[in-house]
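Single-structure report; data block below.
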Amino acid sequence: MLKILGRKTSVNVQKAMWTVGELGLPHERADLGGEFGGLDTPEYIALNPNRLVPTLDDGGFTLWESNTIIRYLSRTYGHGTLAPADPHAYARAEAWMDWSLTSLYADVILTCFIQHVRVTAKDRDVAAVAAAAKRAGEKLGILDAQLASRQFVMGGQLTIADIAVGTLMYRYFNLPVARPSLPNVEAWYARLTQRPAYQAHVMIDFKPMMVAGA
Amino acid sequence: MKPATLKILGKPSSINVRKVLWACEEIGRPFVLEEPALGSAEFRPLNPNGLMPVIVDGDFVLWESNTIIRYLANDAAAENLLPSDARARALVETWIDWQATEFNTAWRYAFQALVRKSPPHQNKADIAASVRDWTKAVAIVDGQLRRSNRFIAGPAFTLADIPIGLSINRWFMTPIENRPSFPAVRAYYERLSERPGFMLHGRNGIP
Ligand SMILES: N[C@@H](CCC(=O)N[C@@H](CS)C(=O)NCC(=O)O)C(=O)O
Ligand SMILES: N[C@@H](CCC(=O)N[C@@H](CS)C(=O)NCC(=O)O)C(=O)O
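Structural data, given as structure tokens:
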């Protein structure tokens, strides 16, 4: 059976879990990382030398890096659905996945999220959060234009592109940061929140993760 | 029919453009390189992010360097660079993603400080923290090379060696005090240097 190693509160674990949920694959998940620890054991490092979560175990084949996991699962179990069958469409979907890593992740997760959840209000770098939120809002303006004529990032159907970018959106829309008006992104996010797999694996309240005084 | 010539929009000194140039050498795909005016009305529709590289392959336009090199390898059915078997392919993709997420993030501050001499990046503690993270990332490459034997994803050269190789070139080209020695990384750097594509677009004097 498919196994995902990583705590369910990790945004990168959530990408893998949402994928598995959309594909309807039988699976189990083991708590690792965060308060559960377990990332610095020789056994884990042999699976994932980067010592982070998630790691996927598909019948003894192990894999890490969340976007790579999404692509592997979708190419293997979701060809023509989550993974577009046309090579050009597939490449365009991959571009949005990379875009999520290189344009959004640092500002939305490493700055906005971490500063609000892992840092006390007293120590929070308010200027860095404001600058990151501003950049993220501008970048999401690009996605807003893409979504103007589409239900999902690639068109009429949910794909790997929605998963990579969409997982970050629950945090983006639930953090107390300044957001520009993004009507198409907001409508798309509302559509994602209607999906059972998104509700089950991504819409996980992060208040319990907040440090005292955050 | 696909036109034989691929158009690459980018500057040959940009690390993300160099990935594409080197990939084309490995694949044997002819190309023309044009320097884009990033903010111009002609360029924006090609890449709304206003960044390079962008490729134009007939009427197909694509941005994001790592996506571009995967597309080109796939399009050329370059099995050796990017296998079609889902598992073998994923093991290559892991290191491409890791370069984009962890490796690239680690060096950013130190590189701005030590190579670009950027005035807003001269905080000593931040430089030290970035060098520490960068060193940790290079140590992961070193460990992987010992296991994988010769190249980052295994005994043979793959597409993942392109972003990782360019990053290793950057490591050696940046003046880092007391740079720890990683013998497997050094040997890998020399091994990559046997490849004309790396000498042209990687180890060409540009960090
Ligand atoms: N580039 C990696 C990043 C993974 C990552 O940053 N994971 C975090 C959680 S979101 C982690 O493992 N943190 C340490 C911990 O949870 O203990 C990926 O996309 O898979
Ligand atoms: N994630 C993008 C990043 C592209 C990027 O940042 N490109 C830089 C050059 S390396 C750029 O166009 N900068 C604007 C400029 O040079 O004016 C990719 O990998 O293609």
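If you read the sequences in order, they're chains A and B.
For the first sequence, position 171 (counting from the first letter as 1) is numbered 171 according to our numbering, and the numbering increases by one without interruption.
For the second sequence, position 134 (counting from the first letter as 1) is numbered 348 according to our numbering, and the numbering increases by one without interruption.
A virtual CB, placed ideally from N, CA and C, is assigned to each residue, including glycine.
- Ile229/B has its CB nearer than 7 Å to a heavy atom of ligand 2.
- CA-CA distance, Ile420/B to Thr388/B, rounds to 10 Å.
- Under the DSSP assignment, Ala398/B falls in the alpha helix (DSSP H) whose first and last residues are 397-406.
- Leaving aside the five residues that flank Arg243/B on each side, the residues in its chain whose CB is nearer than 7 Å to its CB run, in chain order, Leu220, Leu286, Ala290.
- Annotation note: the segment 19-60 of chain A contains the following uninterrupted beta strand (DSSP E) runs of length 3 or greater, listed N- to C-terminal: 27-30, 55-58.
- Between Leu192/A and Gly156/A, the C-beta spacing is not below 8 Å.
- Judged by pairs of C-beta atoms under 8 Å, the segment 76-83 of chain A does not touch the segment 27-42 of chain A, as fewer than three such pairs exist.
- A Cβ-Cβ separation of about 5 Å places Ala320/B in contact with Trp348/B under the 8 Å criterion.
- In this structure, DSSP gives Gly155/A an extended state, which the three-state scheme calls strand.
- Restricting attention to Asp58/A, Thr159/A, Met17/A, the CA atom closest to the CA of Ala300/B is found in Asp58/A.
- For Ile69/A, the enclosing alpha helix (DSSP H) begins and ends at 66-77.
- Bounds of any alpha helix (DSSP H) do not take in Leu373/B, whose DSSP letter is neither H nor E.
- Under the three-state reduction of DSSP output, Val202/A falls in the coil class, being neither helix nor strand.
- Lys134/A carries a helical assignment under DSSP once its states are collapsed to helix, strand and coil.
- By the Cβ test, the segment 204-212 of chain A is not in contact with the segment 226-244 of chain B, since fewer than three Cβ pairs between them sit closer than 8 Å.
- Met266/B is not a Cβ neighbour of Asn294/B, given a cutoff of 8 Å.
- Here the segment 350-361 of chain B makes contact with the segment 386-403 of chain B; the two share three or more CB pairs at distances below 8 Å.
- For Pro183/A and Leu143/A, the gap between their C-alpha atoms comes out near 11 Å.
- Contact between Ile69/A and Ile163/A fails: their C-beta atoms lie close to 10 Å from each other, not under 8 Å.
- Between the alpha carbons of Ala304/B and Ala106/A lies a gap of roughly 23 Å.
- The shortest CA-to-CA distance from Cys112/A to any of Asn50/A, Ala16/A, Thr102/A, Leu175/A is the one to Leu175/A.
- Counting C-beta pairs closer than 8 Å gives fewer than three between the segment 121-129 of chain A and the segment 39-46 of chain A, which falls short of the contact rule.
- Of Gly379/B, Asn337/B, Phe412/B, the smallest CA-CA separation from Val352/B is found for Gly379/B.
- Sequence-ordered contacts of the segment 132-150 of chain A with chain B read Ile142, Ala145 [C-beta pairs closer than 7 Å].
- Val211/A sits exposed, since fewer than 16 C-beta atoms from the chains shown fall within 10 Å of its C-beta.
- DSSP, reduced to helix, strand and coil, places Ala83/A within a strand of the structure shown.
- About 5 Å separates the beta carbon of Trp309/B from that of Ile366/B, a gap short enough to meet the 8 Å contact definition.
- Our two residues, Gln336/B and Asp375/B, have alpha carbons roughly 31 Å apart in a direct line.
- The closest heavy atom of ligand 2 lies 7 Å or more from the beta carbon of Ser344/B.
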